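Chemist:
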Amino acid sequence: MTLTSGAAVGLCAGVGTALAVSGVPHFRHPRLADRLAPYLRDRSRPSQPPVHTAARGTWPVVGQLLAPVLADIARRVDRVMGGPGSVRRRLDAAGRNMAVEEFRVEQVLWGSIGFLVGLGVSLLLLAQNPHRPPLALGMLCVIAACCGAIARDVTLSREAQRRSRRMLAEFPTVAELLALAVGAGESPAAALERVVRVCRGELSVEFARALSEARTGGSLVTALENLAARNPLDIMSRFVDGMIVAMQRGTPLADVLRAQASDVREAAKRSLLDIGGRKEIGMMVPVVFLILPITLLFALFPSFVSLHLLI
1 MTLTSGAAVG LCAGVGTALA VSGVPHFRHP RLADRLAPYL RDRSRPSQPP
51 VHTAARGTWP VVGQLLAPVL ADIARRVDRV MGGPGSVRRR LDAAGRNMAV
101 EEFRVEQVLW GSIGFLVGLG VSLLLLAQNP HRPPLALGML CVIAACCGAI
151 ARDVTLSREA QRRSRRMLAE FPTVAELLAL AVGAGESPAA ALERVVRVCR
201 GELSVEFARA LSEARTGGSL VTALENLAAR NPLDIMSRFV DGMIVAMQRG
251 TPLADVLRAQ ASDVREAAKR SLLDIGGRKE IGMMVPVVFL ILPITLLFAL
301 FPSFVSLHLL I
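So the sequence shown is numbered by the UniProt record's numbering: it starts at 1 and just counts up by one.
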């Protein structure tokens, strides 16, 4: 048996022993929340989100086999990388219907994949040169694992940003439809239902969620406030505030919605102008650093040759 195969066998044996020991009830006392969940689940309000079980969403097989270990590691990762508030906001902004614990489990899995990639690279480097320092190879594995966990976090942030951009692009059309429906004499709730039936997009999904919350015991005002809290867009907060004020005070809602749609279109035009200005500056980079030096070289090269001949 070679050194590499012995290390692999020892690693598998250690992981198996750790899994077996962690599954013993004496070493795993159930949490108070887990003990109370079966008694409180049926009595929870229908408008509240369902009780999530960690490690059973995206990775069902892995979650069922390694749920205790992954849940413990996910809690430790949550303590190291910050509280669940930021993750919860980004999950809501990205439209992901998962618990924070499930996201942390995915981070652990991504980190494990990064660790395996780093381990494979380390073994290749060790096979090429057996005299490489083991500490550097171990640091490579740790860095690869950290990069995997951070990559999952960055992916979630990008998903939230892309969804926010889609919602911002859909907002003027949706606001105009709401203004037409309200101007025709429908109530705000009926106008939202019509928009949900007609439109297809991220905003219609959010409005459908708000209407479902309003139908399950809550008020429409509370559901709209929750909608604004879930989304990081400022225009969404202003939209919800305008609708709430119009419903509570009886002000004309159609004019408010049309004004907000016009504001969003103007903001989109200003954003396009800003992007065009930045692109114009970026287009100057190849002109200054590539085309201009070549032009100067062609212009000055005959002079250099003439001076060389005179000397």
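In this text, a Cβ means the ideal position worked out from N, Cα and C, and glycines have one as well.
Only a predicted model underlies this, so the values are computations on that prediction, with no experimental measurement involved.
#1: Going along the chain, which unbroken runs of the beta strand (DSSP E) with 3 or more residues stay wholly within the segment 252-290?
#2: Indicate the three-state DSSP secondary structure (helix, strand or coil) for residue 130 in the structure shown.
#3: Just the Cα atoms here: how many angstroms apart are residue 214 and residue 171?
#4: Can you tell me the Cα-Cα spacing of residue 96 and residue 191, whole angstroms?
#5: May I have the straight-line CA-CA distance separating residue 183 from residue 218, to the nearest angstrom?
#6: With DSSP run on the structure shown, which of helix, strand or coil describes residue 113?
#7: Quick check on residue 139: buried or exposed, where buried means 16 or more other Cβ atoms within 10 Å of its Cβ?
#8: Assuming residue 187 is part of the alpha helix (DSSP H), what are its boundary residues?
#9: Where does residue 224 fall in DSSP's three states?
#10: Pick out whichever of 109, 120 and 160 has its Cα sitting closest to the Cα of residue 146.
#11: Helix or strand or just coil, what does DSSP make of residue 97?
#12: Let's test the definition: count the other Cβ atoms within 10 Å of the Cβ of residue 106 and tell me whether it reaches 16, buried, or not, exposed.
#13: Give the secondary structure of residue 124 by DSSP, where H, G and I count as helix, E and B as strand, and everything else as coil.
#14: Output the boundary residues of the alpha helix (DSSP H) element that contains residue 303.
#15: When the Cα atoms are used, what is the spatial distance from residue 131 to residue 115?
#16: In whole angstroms, give me the CA-to-CA distance for residue 248 and residue 206.
#17: What is the C-beta distance between residue 195 and residue 204, in whole angstroms, given that I count them as a contact (C-beta under 8 Å)?
#18: Please classify residue 233: does DSSP put it in a helix, a strand, or coil?
#19: What whole-angstrom Cβ distance do residue 176 and residue 261 have, given they're in contact under 8 Å?
#20: Could you give the first and the last residue of the continuous alpha helix (DSSP H) run that contains residue 204?
#21: So, with DSSP's three-state summary, where would you put residue 163?
#22: Please identify the residue among 122, 251 and 292 whose C-alpha is closest to the C-alpha of residue 134.
#23: Please report the distance separating the alpha-carbon of residue 295 from that of residue 280.
#24: Does residue 157 come out as helix, strand or coil in the three-state DSSP assignment?
#25: I want to know whether the segment 261-270 touches the segment 280-293 - three or more CB-CB distances under 8 Å.
#26: Please report how far the alpha carbon of residue 57 lies from the alpha carbon of residue 99, in whole angstroms.
#27: Which term fits residue 226, buried or exposed, when burial requires 16 or more other beta carbons within 10 angstroms of its beta carbon?
Modeler: So, to answer that:
#1: none
#2: What you label residue 130 is simply residue 130 of the sequence shown in a count that begins at 1. Three-state DSSP puts residue 130 in coil, outside helix and strand.
#3: The residue you call residue 214 lines up with position 214 of the sequence shown. The residue you call residue 171 lines up with position 171 of the sequence shown. The alpha-carbon atoms of residue 214 and residue 171 are separated by roughly 21 Å.
#4: Here the question's residue 96 lines up with position 96 in the sequence shown. Here the question's residue 191 lines up with position 191 in the sequence shown. About 26 Å.
#5: As a first step, residue 183 is located in the sequence shown; it is residue number 183 there, counting from the start. As a first step, residue 218 is located in the sequence shown; it is residue number 218 there, counting from the start. Residue 183 and residue 218: Cα-Cα distance of roughly 26 Å.
#6: Looking up residue 113 in the sequence shown gives position 113. Note: residue 113 maps to helix in three-state DSSP.
#7: Taking the first residue of the sequence shown as 1, we reach residue 139 at position 139. Exposed, by the Cβ-count rule.
#8: Stepping through the sequence shown from its first residue, residue 187 is reached at position 187. No alpha helix (DSSP H) holds residue 187; DSSP gives it neither H nor E.
#9: Counted from its first residue, the sequence shown places residue 224 at position 224. Of the three classes helix, strand and coil, the one that applies to residue 224 here is helix, per DSSP.
#10: One-based indexing of the sequence shown puts residue 146 at position 146. Answer by Cα proximity: 109.
#11: Start at 1 with the first residue of the sequence shown, and residue 97 comes out as number 97. Coil.
#12: For this step, residue 106 is matched to residue 106 along the sequence shown. Residue 106 comes out buried.
#13: Here residue 124 refers to the residue found at position 124 when the sequence shown is read from its first residue. Looking at residue 124 - three-state DSSP - the assignment turns out to be helix.
#14: For the purposes of this step, residue 303 is taken as the residue at position 303 of the sequence shown. 292-310 is the extent of the alpha helix (DSSP H) around residue 303.
#15: Here residue 131 refers to the residue found at position 131 when the sequence shown is read from its first residue. Here residue 115 refers to the residue found at position 115 when the sequence shown is read from its first residue. Looking at the two C-alpha atoms, the distance is approximately 22 Å.
#16: One-based indexing of the sequence shown puts residue 248 at position 248. One-based indexing of the sequence shown puts residue 206 at position 206. Rounded to the nearest angstrom, the two C-alpha atoms are 22 Å apart.
#17: For the purposes of this step, residue 195 is taken as the residue at position 195 of the sequence shown. For the purposes of this step, residue 204 is taken as the residue at position 204 of the sequence shown. Residue 195 to residue 204, Cβ: 6 Å. Contact.
#18: Working through the sequence shown from its first residue, we reach residue 233 at position 233. In this structure, residue 233 counts as coil in the three-state DSSP scheme.
#19: By one-based count along the sequence shown, residue 176 stands at place 176. By one-based count along the sequence shown, residue 261 stands at place 261. Going by Cβ atoms, the distance from residue 176 to residue 261 rounds to 5 Å, so yes, they are a contact pair.
#20: The sequence position of residue 204 within the sequence shown is 204, counting from 1. 202-215 is the extent of the alpha helix (DSSP H) around residue 204.
#21: Looking up residue 163 in the sequence shown gives position 163. In the structure shown, residue 163 sits in a helix (DSSP, three-state: H, G or I).
#22: Within the sequence shown, the letter at position 134 stands for residue 134. With distances taken between Cα atoms, residue 134 lies closest to 122.
#23: Here residue 295 refers to the residue found at position 295 of the sequence shown. Here residue 280 refers to the residue found at position 280 of the sequence shown. Those two C-alpha atoms are separated by around 21 Å.
#24: Residue mapping note: residue 157 aligns to position 157 of the sequence shown, counting from 1. In the structure shown, residue 157 sits in a helix (DSSP, three-state: H, G or I).
#25: no
#26: If you number the sequence shown from 1, residue 57 lands on position 57. If you number the sequence shown from 1, residue 99 lands on position 99. Its pLDDT being 46, under 50, residue 57 is placed unreliably by the model, and nothing is read from it.
#27: Translated into positions along the sequence shown, residue 226 becomes position 226. So residue 226 counts as buried.
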